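2 protein chains.
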Amino acid sequence: MKVIPVAQRTAAEHVRSQLVELIESGEFAVGQRLPSEAELSKSFAVSRSVIREALHSVNALGLTRSYAGKGTFVDAQFAPSQLLTGKYLPRDLHEVRRTLEVPLAALAAERRSRTDLKAMTALLVRFRDEQDPSIRVGIDADFHVAIATATANPLFPRLVSELRSVLQEQAIAAAAVPGRAIQAADEHDAILAAIAERDANAAANAMKLHLAAVEDTVTAPGRRK
Amino acid sequence: MKVIPVAQRTAAEHVRSQLVELIESGEFAVGQRLPSEAELSKSFAVSRSVIREALHSVNALGLTRSYAGKGTFVDAQFAPSQLLTGKYLPRDLHEVRRTLEVPLAALAAERRSRTDLKAMTALLVRFRDEQDPSIRVGIDADFHVAIATATANPLFPRLVSELRSVLQEQAIAAAAVPGRAIQAADEHDAILAAIAERDANAAANAMKLHLAAVEDTVTAPGRRK
DNA sequence: GAAGGACAACTTGTCATGCAACCTGATAGC
DNA sequence: GCTATCAGGTTGCATGACAAGTTGTCCTTC
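Going line by line, the protein sequences match chains X and G. Position 11 of the first sequence, counted from 1, bears residue number 93 in the numbering used here, the numbering being contiguous throughout. Position 202 of the second sequence, counted from 1, bears residue number 284 in the numbering used here, the numbering being contiguous throughout.
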């Protein structure tokens, strides 16, 4: 019988998981500087080597970034998933978005709480007021994530925000197109209205129209084939 | 104007990316032992500390595993995505599956090539012949991934296989339920038939029925609330 | 007082060395 | 043939040292 080697924790692994936990729990907020290697060495009661190995691991995971002479800073609260790394066609990415977000709008319409509604409304108000395209893109992303959150299934917001981060570059370009902002705001309103009324079909339709408009804008309607 | 600090490569980062590349390219195959830290230290002309920091990073990414006294072994060719790590309710996972795979079946029906069809057929034949439940689960997973592949959108198979790996434990338990195997095979056949006939609606329906049956089996139909 | 430069203190990056713990295979003894 | 021992290789961890980058402070100078 083959004995499976028990993966017993090394000190470095222990420190790494502790650090990851501290970051993911928000104890170490994004942008914050971590304690220096020397301090961590004292805190964890291990040598600086171990701390450095753990720190390099956390860096590799994409959670932090170290700068010589300055320190190590939290870069993201959660490890960006490697799921969508690689070069995918914008068309394929949009298709995934469509496949996912249209039914999500319907689910959100059925399940949204009053809190969800308030959050979404607030985002849309900010969206209309905001002039800077790059900031508007961020609000837009938050709105779509908010819809996913309203489905009460925690997996959906993760998937949606993941997709958004991949599509971000294109989204910024699209947001800069003249007139697009007002159009987008109207489309968002339609989605929100349907969700507010708990009309699943209308929500799905509104989302479908919105995504089609976005894709049209991004793929430069001038040069169709 | 804010100057973005240029993330210049440290030696450890360089070694890490080299190792990752070697593993992903297959130069270091899964199961293979990596050169010892001392050897790598010579090869890369850096100290053992740097090698260790890089090695710990690759470990953290899930590509390798180190054992004291033995060496470091390649564990996976690609970093498993961290997207779905965490504790999610089976109900939520199944909902994601439903949301995703039902429309995928429709897309597959519209776009499948003859090659896709042959691959799927072969998998179903193997599925019926296989007695071992744990192996059957693997074939089942491959079948669902094959459907996603037939959509001609490379993102879908990645998403589906990711979901499957999370659901694997439950899937094995479900596959062991008496009679379930034959039922599952019939459901698979229905899906395949619809895809073969390019009937998108039928494919979506068949998939919907299949997933509902799976979820019923997994959630132990005895204890409904 | 304001501006600028020198300097000290702190930070990460890298190297070198030593030793403990662990695993494997060879070897000697029974 | 079987077992015990041992030697050599491997990773895990600690310590010390120095280079290089960053930042705040103090002091000089105007």
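Glycine included, each C-beta is placed from N, C-alpha and C at the ideal position. Keep in mind the model is a prediction, meaning the values are calculated, not measured.
Item: From this set, X:V296, X:A201, X:L182, which residue's C-alpha is nearest L241 of chain X's C-alpha?; Value: X:L182
Item: Taking 8 Å as the threshold (C-beta atoms), are A266 of chain X and V199 of chain X in contact?; Value: Residue identity check: residue 199 of chain X is Leu in the sequence provided, not Val. No, the Cβ-Cβ distance between L199 of chain X and A266 of chain X is not below 8 Å.
Item: Which runs of the alpha helix (DSSP H), 4 residues or longer, sit entirely within the stretch 99-185 of chain X?; Value: 119-126, 130-142
Item: Which bits of chain G does D174 of chain X rub up against, with CB to CB less than 8 Å?; Value: N235, P236, L237
Item: I need the DSSP call for A266 of chain G, collapsed to helix, strand or coil.; Value: helix
Item: Using a threshold of 8 Å, state whether the C-beta atoms of N283 of chain X and E177 of chain G are closer than that.; Value: no
Item: What residue range is occupied by the uninterrupted alpha helix (DSSP H) comprising R196 of chain G?; Value: 196-211
Item: Compare the C-beta of V178 of chain X with all C-beta atoms of chain G and state if any pair is closer than 8 Å.; Value: yes
Item: Is there a C-beta anywhere in chain G that falls below 8 Å from the one on A158 of chain X?; Value: no
Item: Which same chain residues end up closer than 6 Å to V184 of chain G when comparing Cβ atoms and leaving out the 5 residues on each side of it in sequence?; Value: A286, M289, K290
Item: Could one say the Cβ of R134 of chain G lies closer than 8 Å to chain X's Cβ atoms, at least one of them?; Value: yes
Item: Can you list, in chain order, the residues of its chain whose CB lies under 8 Å from that of L293 of chain X, leaving out five sequence neighbours each side?; Value: H176, R179, R180, E183, V184
Item: Below 6 Å CB to CB, which residues in the same chain sit around L245 of chain G once its five sequence neighbours on both sides are set aside?; Value: R179
Item: How many Å lie between D211 of chain X and A275 of chain X at the Cα?; Value: 19 Å
Item: Rounded to whole angstroms, what is the Cα-Cα separation between D281 of chain X and L205 of chain G?; Value: 41 Å
Item: Against chain X, does R98 of chain G count as a neighbour if the rule is that its beta carbon must be under 8 Å from one of theirs?; Value: yes
Item: Would F160 of chain G be called buried (16 or more neighbouring beta carbons within 10 Å of its own) or exposed?; Value: exposed
Item: To which residues of the same chain is A295 of chain X closer than 7 Å at the C-beta, ignoring the five residues directly before and after it?; Value: Q265, E269
Item: Please check the pair V227 of chain G and Q250 of chain G, which I expect to be a contact at CB under 8 Å, by giving their CB distance rounded to whole angstroms.; Value: Actually they are not in contact, since the Cβ atoms of V227 of chain G and Q250 of chain G sit about 13 Å apart, beyond 8 Å.
Item: Taking the alpha-carbon of A132 of chain G as reference, which of G:P117, G:E95, G:A150 has the nearest alpha-carbon?; Value: It should be noted that the sequence gives Val, not Ala, for residue 132 of chain G. Answer by Cα proximity: G:E95.
Item: Report buried or exposed for R196 of chain G, applying the criterion of at least 16 other Cβ atoms within 10 angstroms of its Cβ.; Value: exposed
Item: Which residues in the same chain as P239 of chain X place their Cβ atom closer than 6 Å to its Cβ, once the five residues preceding and following it in sequence are excluded?; Value: V227, A230, T231
Item: For a contact meaning CB atoms closer than 8 Å, what does L182 of chain X contact in chain G?; Value: T181, L182
Item: I'd like to know whether the C-beta atoms of A299 of chain G and V248 of chain G end up nearer to each other than 8 Å.; Value: According to the sequence provided, residue 299 of chain G is Thr. The question's Ala does not apply to it. Going by C-beta atoms, T299 of chain G is not nearer than 8 Å to V248 of chain G.
Item: Just to confirm my understanding: we take G153 of chain G, look at its own chain, exclude 5 residues before and 5 after, and list those with CB closer than 8 Å. What are they?; Value: R115, L116, S118
Item: Within 8 Å (strictly less), CB to CB, does G304 of chain G reach chain X?; Value: In this prediction, G304 of chain G scores a pLDDT of 48, lower than 50, which makes its location untrustworthy; the coordinate-derived value is nonetheless stated afterwards. Cβ-Cβ to chain X under 8 Å: no for G304 of chain G.
Item: Give the single residue among X:T233, X:N141, X:D174 whose Cα lies nearest to the Cα of E297 of chain X.; Value: X:D174
Item: Check whether the Cβ of S139 of chain X lies closer than 8 Å to any Cβ atom in chain G.; Value: yes
Item: Nearest CA to the CA of G113 of chain X: which residue from X:L237, X:S148, X:A188, X:G261?; Value: X:S148
Item: Quick one: give me the first and last residue of the alpha helix (DSSP H) that R218 of chain G is part of.; Value: 215-231
Item: With a threshold of 7 Å on Cβ separation, who are the neighbours of T233 of chain G within its own chain once the five nearest residues in sequence on each side are excluded?; Value: L186, L189, A190, R193
Item: From E121 of chain X to F126 of chain G, what does the alpha carbon distance come to, in whole angstroms?; Value: 30 Å
Item: Counting only Cβ pairs nearer than 7 Å, list the residues of chain G close to A142 of chain X.; Value: R98, S139, A142, L143
Item: If I measure Cβ to Cβ from V128 of chain G and keep anything under 7 Å in the same chain, skipping five residues before and after, which residues do I get?; Value: A93, V97
Item: Got a sec? Which residues, its chain only, sit under 6 Å from S123 of chain G by beta carbon, not counting five neighbours each side?; Value: R130, I133
Item: Write down the C-beta distance between V156 of chain X and F110 of chain X rounded to the nearest angstrom, noting that I regard them as a contact closer than 8 Å.; Value: 5 Å
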